[in-house]
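Please read the structure below before turning to the comments.
2 protein chains.
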Amino acid sequence: MNIRNLKYLIAVADYHHFGKAAELCFVSQPALSMQIKKLEKSLGVLLIERTNKRVFLTETGKLIVQQAREIVCRTEALCETASQLKDPFCGELRLGIIPTLAPSLLPRIIPELSALFPKLTLYLAEDTTLNLLKKLNEGHLDCALLALPVEGDFTMHALFDEEFLLAVPIGHPLAKQTMVNFADLADKTLLLLEDGHCLRDQALAVCHSVNAVESKKFRATSLETLRYMVAAGVGITLMPKLSCRSNDGVCYLPFKTLPIPTRTIGLIWRRSTAKKILLTHMVEHIKNLSAVNFSHANALL
Amino acid sequence: MNIRNLKYLIAVADYHHFGKAAELCFVSQPALSMQIKKLEKSLGVLLIERTNKRVFLTETGKLIVQQAREIVCRTEALCETASQLKDPFCGELRLGIIPTLAPSLLPRIIPELSALFPKLTLYLAEDTTLNLLKKLNEGHLDCALLALPVEGDFTMHALFDEEFLLAVPIGHPLAKQTMVNFADLADKTLLLLEDGHCLRDQALAVCHSVNAVESKKFRATSLETLRYMVAAGVGITLMPKLSCRSNDGVCYLPFKTLPIPTRTIGLIWRRSTAKKILLTHMVEHIKNLSAVNFSHANALL
DNA sequence: CTATATCATAAGGTTTCCTTATTGATAAGA
DNA sequence: TCTTATCAATAAGGAAACCTTATGATATAG
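Protein sequences, first through last, are from chains A and B. Position 236 (the first sequence) corresponds to 1342 in this note's numbering; numbering is contiguous. Position 36 (the second sequence) corresponds to 1142 in this note's numbering; numbering is contiguous.
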């Protein structure tokens, strides 16, 4: 048995076709057929049932393929480990991020990160927390930027706390204040995001603690929609600080009452990742950036 | 990279010597040297520092070897899976068993099991529960016969309940009774096994529930020692039913009071074992054997 | 300074593996 | 029923990988 054998087997398992599997493996069909046969012989079991029109795995084959995938996956991880140890700041990094953070945070950190890690290719994926965790576990992502805490066996590093501000239309009675109390929100109705966004749950928690309620008529699909709804005078909402802007027809009021509602933004990754060194450096850099750029004074772009 | 490469690397990591590692791998030293060099080149990192007198792993090498061991281990597991699927009742089975069970149970099941699985080679290892669990986890054992429940992520199957009987010397006042009550034990002193035996803990639990106490002067290293001490009139003890004999100078009294003190004997294995089929068959056979042979009527040999 | 131990290198042969061409078997269509 | 298309197996020859033996280089010990 060798790793190539296993890769060929997995290709056949994925394509149910020797020819296509061979193509995928960049070898000729007979070469692949022969290797599969050799593997079967060395294991002493039939892995694939071949008829001329149909190729499918035996029950034994399914179990073996399952283990083969694990092995191939680990060999790739080994290579990745070596490559990262050679140069931790080189290669690719697949970064997941939640939609309520991406448009506001990325422009503030990507330019600096690109400059700091010029040999690094960054791939970005925007998705909900639940999907990000899934993709992380499946190895499709290397790390994720999201609101802590999350469930799962990940290494988690808090980066900064992001305040929530109350967003009201310019003409709103509260817009005359410079700050807002919890009491101001009592029995008010807030516009929130639709299900799936972690921000929705955090906002609901705030609602609960100040005796506000969610609007039953409307659930937004994005923060931008939410902002336009507020600007249009439909209602008020909570907005994370980094997403607050000036001169957009909305008035953002910071909270005066302690504890100020916030969410903690963090970077997480699989404990077993090969990119530990790069990622811990990245945490430090983002922490520094946030301290300098997202501070109270200049958080509003 | 291939599996052979990794095996060679692991051998060097284990022996810190190219020549000896090569011998272990049944190849010449240059062949091994070349493969290691090839691996280093393909990974792009230095794995081993060579001076003419000393061979040692780089920090990178240590991390890579760690992963290599995992991979090689899994390839062996894959082979084992195939072999077990080909013939589940063939090959080797490494069975662990606790010392307070081995001498009494094995003679009652090994002959039948040998007959049922003639192509199976059975290796037996006697050790305490803690050590058995460790060896199971490390892959040095395939399964273990012990008292349930145990801590850990294992598949567990109860086989039978084994009663505890009170062992008293023939001349003892209680020896005149045919059975014994919990009340008979109140404030009595019992001889127990030394630390490490699960039976000790179970006996202590019984002591606690009947207000008996442990003898402070003596702790036995085995059930046999315990039996001799009782026969010599030093004290009384609890004896698991399968270890009770007739005509050995000791009188074994069953408990009359409900619930009769017992321990549950079970077979456990790693959830990921390749020998699932064999082991589940074995569970059924031992259950049947226990129903037929360890029943109340003929438990005393 | 010599001997020894130890890993690296070199040259040549063996084995493994791959490629192209072809065969054989089966299912679908005429 | 015969033909055709599809697809995996087989065969033969060449390329690559790998191993072996012999030799080289270098550091340590005496």
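Heads up, the beta-carbon is just placed ideally off N, CA and C, and yes, glycines get one too.
Neighbouring residues, chain B, relative to residue i (Cβ below 8 Å)
i: A/A1119; result: By Cβ distance, chain B contributes nothing, its closest Cβ being about 14 Å from A/A1119, past 8 Å.
Span separating the alpha-carbon of residue i from that of residue j
i: A/A1281; j: A/R1306; result: 23 Å
i: A/L1407; j: A/C1350; result: With a pLDDT of 38 at A/L1407, under the threshold of 50, the modelled position of that residue is not reliable, and no figure is offered here.
i: B/A1409; j: A/A1253; result: Since the first residue of chain B shown is 1107 and the last is 1407, residue 1409 of chain B is not available in this structure.
i: A/N1399; j: B/R1160; result: 52 Å
i: A/I1374; j: A/L1242; result: 9 Å
i: B/K1294; j: B/A1318; result: 5 Å
i: A/N1404; j: A/F1195; result: For A/N1404, the pLDDT reaches just 43, beneath the cut-off of 50, and the residue's location in the model is therefore unreliable, leaving the point undetermined.
i: A/K1143; j: A/E1155; result: 11 Å
i: B/L1169; j: B/N1108; result: 17 Å
i: A/D1267; j: A/A1397; result: 10 Å
i: A/D1153; j: B/F1162; result: Before going further, note that residue 1153 of chain A is Leu rather than Asp in the sequence given. Near 41 Å, if we compare the C-alpha coordinates of B/F1162 and A/L1153.
i: B/E1182; j: B/P1136; result: 26 Å
i: A/I1116; j: A/S1148; result: 17 Å
i: A/C1185; j: A/K1192; result: 11 Å
i: A/P1224; j: B/E1146; result: 26 Å
i: A/I1215; j: A/L1395; result: 7 Å
i: A/A1119; j: A/G1245; result: 20 Å
i: A/T1166; j: B/K1382; result: 14 Å
i: A/P1255; j: B/F1124; result: 49 Å
i: B/L1138; j: B/H1122; result: 13 Å
i: B/P1217; j: B/A1264; result: 21 Å
i: B/E1320; j: B/F1361; result: 19 Å
i: A/T1164; j: A/T1157; result: 13 Å
i: A/E1330; j: A/H1391; result: 28 Å
i: B/V1133; j: B/R1175; result: 20 Å
i: B/L1130; j: B/I1276; result: 60 Å
i: B/S1378; j: B/H1314; result: 38 Å
i: A/H1387; j: B/C1304; result: 49 Å
i: B/N1111; j: A/L1207; result: 45 Å
i: B/V1389; j: B/G1372; result: 9 Å
i: B/G1232; j: B/L1212; result: The sequence shown places Glu at residue 1232 of chain B, rather than the Gly named in the question. Roughly 11 Å between the two C-alpha positions.
i: B/A1128; j: B/Q1173; result: 21 Å
i: B/A1221; j: B/L1384; result: 14 Å
Beta carbon of residue i nearer than 7 Å to that of residue j
i: A/L1287; j: A/T1343; result: Here residue 1287 of chain A turns out to be Asn, not Leu, going by the sequence shown. Cβ atoms of A/N1287 and A/T1343: not closer than 7 Å.
i: A/L1291; j: A/V1316; result: yes
i: B/T1235; j: B/I1203; result: no
i: A/F1270; j: A/L1297; result: no
i: A/K1113; j: A/V1171; result: no
i: A/L1219; j: A/C1249; result: no
i: A/M1345; j: A/A1273; result: yes
i: B/E1300; j: B/T1327; result: yes
i: B/L1199; j: B/L1228; result: yes
i: B/V1356; j: B/A1337; result: yes
i: B/R1369; j: B/Q1308; result: yes
i: B/Q1141; j: B/A1380; result: no
i: B/L1359; j: B/S1210; result: no
i: A/G1258; j: A/L1238; result: no
Listed by chain order, chain A residues near residue i by CB distance under 9 Å
i: B/T1166; result: T1187, A1188, L1191, K1192
Interface residues of chain B facing residue i [CB-CB closer than 9 Å]
i: A/R1408; result: Residue 1408 of chain A cannot be examined here, being either before or after the span of chain A that is shown, 1107 to 1407.
Chain A contact residues for residue i, given Cβ-Cβ distances below 8 Å
i: B/A1183; result: Q1173
i: B/M1107; result: I1109, T1181, L1184, C1185
i: B/L1169; result: T1187, L1191
Along the segment 1187-1202 of chain B, where does the CB come closer than 8 Å to a CB of chain A? Name the residues. Those residues of the segment 1187-1202 of chain B that come within reach of chain A (Cβ to Cβ, closer than 8 Å) are T1187, A1188, S1189, L1191, K1192.
Positions along the segment 1147-1160 of chain A whose CB lies within less than 7 Å of some CB in chain B: Residues L1149, G1150, V1151.
Entirely within the segment 1244-1307 of chain A and at least 4 residues each: give me those alpha helix (DSSP H) ranges in chain order. Along the segment 1244-1307 of chain A, the alpha helix (DSSP H) occurs as fully enclosed runs of 4 or more residues at 1288-1291, listed in sequence order.
Quick one, which residues of the segment 1258-1272 of chain B are near chain A if we go by CB-CB under 8 Å, in chain order? Against chain A - using a Cβ distance shorter than 8 Å - the segment 1258-1272 of chain B contributes no residues.
Secondary structure, alpha helix (DSSP H): runs of 4+ residues fully inside the segment 1125-1204 of chain B: Inside the segment 1125-1204 of chain B, DSSP marks whole alpha helix (DSSP H) runs of 4 or more residues at positions 1135-1149, 1165-1192, from first to last along the chain.
Uninterrupted alpha helix (DSSP H) stretches inside the segment 1308-1352 of chain A (no shorter than 4 residues): You should have 1329-1337.
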